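S.K.: Just so you know, we're using the working numbering here: the sequence shown kicks off at 5 and counts up by one. Where a beta carbon is used, it is the ideal one built from N, C-alpha and C, also for glycine. Since this is a predicted model, take the numbers as computed values, not measurements.
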Amino acid sequence: MKLSTAQKLVKFFSSKKKFEKIKQASLQWGFTCSTCNERSSIWEIGGIRYKAKGTPRTRIRCPKCDTIAMQRINKLA
Ligand SMILES: [Zn+2]
């Protein structure tokens with residue numbers, strides 16, 4: 005998978021181990037699209053979410069159906 009600019013920056017400034025941790029966390033965080041019901045991870049859409057709490061709502065373009073909508077970000081158990 006290609007890294008986004010933000011992800012490249014994190015990779016540059018982090019150790020390999022730390023980067024892997026951040027990547028795993030960002031893969032657990034994601035949203036289930038309200039249009040197509042497919043789950044996408046934050047990492048998948050080029051984002052980073054690490055040591056975060058809460059379930060914010062944010063405007064995201066779903067990579068599966070290309071719809072831009074408000075989505076609830078949550079973490080897989
Ligand atoms: Zn979708």
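Could you pull out every residue in the same chain whose Cβ sits closer than 7 angstroms to the Cβ of ARG76, ignoring the five residues on either side in sequence?
M.R.: Result list for ARG76: PHE35, THR59, ARG61, in chain order.
S.K.: Using only CA atoms, which one of SER44, SER18, SER19, CYS40 lies nearest to SER30?
M.R.: SER30 has its Cα closest to that of SER44, out of SER44, SER18, SER19, CYS40.
S.K.: Where does the unbroken beta strand (DSSP E) through ILE72 begin, and where does it stop?
M.R.: Here the beta strand (DSSP E) through ILE72 covers 72–76.
S.K.: Taking 7 angstroms as the limit, tell me which residues put their C-beta closer than that to any heavy atom of ligand 1, in chain order.
M.R.: Those residues, listed in chain order, are CYS37, THR39, CYS40, GLU42, CYS66, LYS68, CYS69, THR71.
S.K.: For ARG53, which of ASN78, LYS20, ILE72, GLU42 has the nearest alpha-carbon?
M.R.: The residue with the shortest Cα to Cα distance from ARG53 is ASN78.
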